[in-house]
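My numbering puts the first residue of the sequence shown at 11, with every later residue one more than the last.
Backbone N, C-alpha and C define an ideal beta-carbon position, used for all residues, glycine too.
Everything below concerns the one structure shown next.
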Amino acid sequence: MEPPVTSPRPPEPEEDATPLPATVVDLAAGQAQITPVVVDGEDRYEIELPDAPLREDDVESLAVALHAAQAGSAVLVDVEDYIEAVGPPGPDPEQ
């Protein structure tokens, strides 16, 4: 008879550890939320999607937001809003 398969017990969460905040992503279909969670001692992400079907650009936006959430603290900026606020780029000084 073979011994039963066991797995190591996941580490206990640190008492002073604060959960990381969720990342909220505004999509055309509605808001999605990316929440960091720990599963079997490994960092994972839970994604809550809107009820409406996602458009192709929604999927791309969600992929970028998930990548940023995995990379750590980051601020996502809407590029079009940023360009409007900053203004058009000036001439290249090296030319």
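Beta bridge counterpart(s) of residue i as assigned by DSSP
| i | result |
| --- | --- |
| A42 | V35 |
| R54 | V47 |
Residue nearest to residue i in terms of C-alpha spacing, selected from the options
| i | options | result |
| --- | --- | --- |
| L59 | P101, A39, E90 | A39 |
| D53 | L72, E94, D91, A79 | A79 |
| L37 | V96, L72, D50 | L72 |
| L64 | D91, V35, P46, T45 | V35 |
| L30 | E94, G82, P101, V96 | G82 |
Buried versus exposed, by CB contacts within 10 Å (16 or more), residue i
| i | result |
| --- | --- |
| A42 | buried |
| A75 | buried |
| D91 | exposed |
| D68 | buried |
For residue j and residue i, believed in contact at Cβ under 8 Å, the rounded distance
| i | j | result |
| --- | --- | --- |
| E56 | V47 | 5 Å |
| A62 | T45 | About 20 Å separates the two Cβ atoms, so there is no contact after all. |
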